[in-house]
Structures are given as structure tokens and as C-alpha cells.
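Asks:
Residue numbers (the numbering used here): 1 to 404.
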């Protein structure tokens, strides 16, 4: 009979909890906080899945952003590329004469070439003497194309033969070089006359910038040409007062079909399309995010199912008091939402620290942006709510008769 009295008191307490305004919110919160040790384990499990999704989303964004960094530093309004070009770091040039032709189009202020090499650009680490393939970009110092302030400061130095600027944010195994360092590029002696800061991406480990003359000596010496005949990208500046879209249309009409004329946004979209649809790395990170979502669903389902199993007497009592299943479902789903919130916050804070550490170690632009945080929070809520939908069947099966 003592047990019966305790049960009556517990039912009365539960009833008083339900009679306060917005009754289902405190009940769901109270259920989640009923066992603090279990809550800590639950938050740790959900937080692990959230952190996994955050890292995968962060790596994917960093993967794309790092490949766009060089494009952001091009000083142009329009860009001429081969019509078959699908990413910046792939050699796919077009004839230089097309660039000359573009200068005669109304509204074009300048059309300047960029040259690139990604296959035969063997760089010797000045410290270890080991050879690595890096990215080599070149331009005419009399026609600057880059926004890097360090490049603009060393235009005169680049006019000297066999000179180059070295990216100080190259990966460590590429080596370190500064003004005066002598090394080898494409098996030719080269002197570093300055540095700039770009950083690697997931394909390129380091970058060197040279003049077009030095580039010719490095990679076209065997062709017996006195000048470079192929251009990787044409950087076009539009005259003030002219519409970029109209000049773009005029260039498309004036140039052969073998080249494409792109705005800055279209050039970015070209690179993003490759990273998302063609490169295997982008889909791998999306797969990792999906795996984190599934793992989180399994974890949160187990957490909710265990909680609901322990709370069956409460839900059976509510049924006996006349509460409909729809109300019980709302309580369970709100409890799932609370788990999503308390699991996300510590994972988000840990993610900020890990993003910073990864950016320092990997030298990629990995930042906890608002888009990443909101996107992951939505995934976390969906993950926990779906788990609640599956787990709520345990409550639906509760039978008030089991209490007696």
C-alpha cells in the first residue's frame, strides 16, 4: 500500500506539472534532465556526430575556397579561357592571337595574358634538395594581372631573367625561400627576388610567379620561339562607363567558338562545378557528412528509445489521465529537439577550435562560417527529429493497464 501512496503522489506531481502554462515544454525538458549522467552521455554521443558533420562540411567549403583563392586575386572584369577548360589548375591554353583580337573590341581597356604550368614545373626544395611539382604562373611585368600587393612591389625585380616570387604559404615539404634564395625550377637555376602569400589547395602544394620571359626560358626553350604563343587565361579590364555584360557579348561575337568569355562569378562557378561534380574530393566530403548524419540518427535513436523505455510509466499515466497520442508525440519530438540543441552547442564550440587548428596545419581557408553552422544545425535537428519519429512508437504502445 505504501507503493500505492507513492504512486498517487507521483501522479499528482505529474498532473501539477501538466497544469502549468505551455505544459508540454517543461515536461519534455524535465524528462531530458531526469538523469544527469545519462544526459552527459547523450550529449557526448550526439555531439560526436555533430562534430563529424561540421568537419566534413568545413573541409568541403575549404576545399572549394582554397581553389578560388588565386582567382580572387586576378585584376580583371572579364576572363577569356579555352571553351574546354573546366578548372584553373589544368593546362588548357588558347592561341595568344585571340587575346590580341579582343583588344580591338569596343569597351575593352586592356587584355593581359596569364601563363601557367602544372606538369613540368619541378621545384627543388632549397633545404632538402628534393624535387616537387608546384604551380608556376607567369605574366608580363609591364601588364600586371595580380592583386597581390607583394607582386606589384616586385615588378622591376621580375624583369630580370631567371627570377621568381615564392609563395610563403606553400606546404612545408616544398621548402622555404625568401629574397636572395637560389634554387632550381624545371631543372634551371632560379633566383627568388621576393615573396607573396597565397596558400595551397587540395591539389597544388605551392606556387611560384615569374615573368613571361622567364617562363619562356623555363618551359619553351626547346620550341625555338621568341615569344609565348599560348595563353592560359586572358584577363580583361572594361573601360569605365561600359557595361560588363555588353562588352562580354561583344567579345563572344568577335572571338572564335574555341574560347569562352566569363565574368568573375562565372569563372568562380566553373571552378566550383569541377570541385563539386568532377573532382572526387567534393563528393567524398558530402558522403562523410551523410555518414555523420546516419551515425547521429542511430545514436540519438538509441538515446531516445532508452529514455522513453524508462519513462513508460509516465506516458502510460498520461494516457490514463486522458491525454491523446498526439500530445505524447509532441512531447517526444520536443525532447528530441532539446537533445539537438544541447548536443549542437558544445560540438559547435569544439568545431571552432578544430577549424582553427586545421587551418594552421593544412594551410587552407577553413573557417566556421554562419552558413556552415546553420546548415549543420538544421541537419542536427532533422537527425534528432527523425530519430524521435522512429522512437515514438515505444510511447504509442504504452498501456495504462501495465501500471496495475
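Here a beta-carbon is modelled for each residue, glycine too, at the ideal position from N, C-alpha and C.
(1) So, with DSSP's three-state summary, where would you put residue 91?
(2) Taking Cβ positions, are residue 165 and residue 196 nearer each other than 8 Å?
(3) Are the CB atoms of residue 139 and residue 114 within a distance shorter than 8 Å?
(4) Using the DSSP secondary-structure output, state which residues sit across from residue 236 in a beta bridge.
(5) List the endpoints of the continuous alpha helix (DSSP H) containing residue 138.
(6) Tell me the residue span of the alpha helix (DSSP H) that contains residue 39.
(7) Would the beta-carbon of residue 278 fall within 8 Å of that of residue 308?
(8) For residue 109 and residue 122, what's the separation of their Cα atoms in angstroms?
(9) Can you give the Cα-Cα distance for residue 60 and residue 283, rounded to whole angstroms?
(10) Compute the Euclidean distance between the alpha carbons of residue 136 and residue 237, then round it to the nearest angstrom.
(11) Is it true that the stretch 386–393 meets the stretch 333–340, where meeting means three or more beta-carbon pairs spaced less than 8 Å apart?
(12) Between residue 357 and residue 228, what straight-line distance do the alpha-carbon atoms span, to the nearest angstrom?
(13) Under 8 Å: do the stretch 203–223 and the stretch 167–174 share three or more Cβ pairs, one atom per stretch?
(14) Quick check: the Cα distance between residue 82 and residue 231, rounded to an integer number of angstroms?
(15) In three-state DSSP terms, what is residue 392?
(16) Just to confirm my understanding: we take residue 106, look at its own chain, exclude 5 residues before and 5 after, and list those with CB closer than 7 Å. What are they?
(17) Look at the alpha carbon of residue 395 and the alpha carbon of residue 322, and state the distance between them as a whole number of angstroms.
(18) Check the C-beta distance from residue 53 over to residue 343 and give it rounded, since I have them as a contact under 8 Å.
(19) Classify residue 199: buried if its beta carbon has 16 or more other beta carbons within 10 angstroms, exposed otherwise.
(20) Using the Cα positions of residue 311 and residue 304, report the straight-line distance between them to the nearest angstrom.
(21) Decide if residue 190 is buried, meaning its Cβ has at least 16 other Cβ atoms within 10 Å, or exposed.
(22) For residue 363, which of 141, 68 and 202 has the nearest alpha-carbon?
(23) Would you call the CB atoms of residue 255 and residue 261 closer than 8 Å?
(24) Taking buried to mean at least 16 other C-beta atoms within 10 Å of its own C-beta, is residue 44 buried or exposed?
(25) Helix, strand or coil for residue 29 per DSSP?
(26) Going along the chain, which residues of its own chain have a beta-carbon closer than 7 Å to the beta-carbon of residue 352, five neighbours each way excluded?
(27) Since residue 263 and residue 33 should fall inside the 8 Å C-beta cutoff, what is the C-beta to C-beta distance between them, to a whole number of angstroms?
(28) So who's on the other strand from residue 268, going by DSSP bridges?
(29) Give me the Cβ distance between residue 289 and residue 57, rounded to the nearest whole Å; I'm assuming they're in contact under 8 Å.
(30) Comparing alpha-carbon positions, which option in 35, 117 and 94 lies nearest residue 234?
(31) How far does the beta strand (DSSP E) with residue 285 in it reach, from first residue to last?
(32) Smallest Cα separation from residue 274: which of 146, 67 and 220?
(33) Provide the residue(s) that pair with residue 263 in DSSP beta bridges, ordered along the chain.
(34) For residue 356, does the three-state DSSP call read helix, strand or coil?
(35) How far does the alpha helix (DSSP H) with residue 247 in it reach, from first residue to last?
(36) Below 6 Å CB to CB, which residues in the same chain sit around residue 384 once its five sequence neighbours on both sides are set aside?
Replies: This is what the structure holds:
(1) coil
(2) yes
(3) yes
(4) 78 and 111
(5) It is not in any alpha helix (DSSP H) - residue 138 instead sits in the beta strand (DSSP E) that spans 135–139.
(6) 36–72
(7) no
(8) 36 Å
(9) 9 Å
(10) 23 Å
(11) yes
(12) 42 Å
(13) yes
(14) 9 Å
(15) coil
(16) 250
(17) 15 Å
(18) Rounded, the Cβ-Cβ distance is 11 Å, inconsistent with contact.
(19) buried
(20) 10 Å
(21) buried
(22) 202
(23) yes
(24) exposed
(25) helix
(26) 368
(27) About 54 Å separates the two Cβ atoms, so there is no contact after all.
(28) DSSP, once it has assigned bridges, lists no residue as partnering residue 268.
(29) 6 Å
(30) 94
(31) From DSSP, residue 285 is part of no beta strand (DSSP E) but of the alpha helix (DSSP H) over 281–310.
(32) 67
(33) 78
(34) helix
(35) 244–254
(36) 300, 336, 339 and 340
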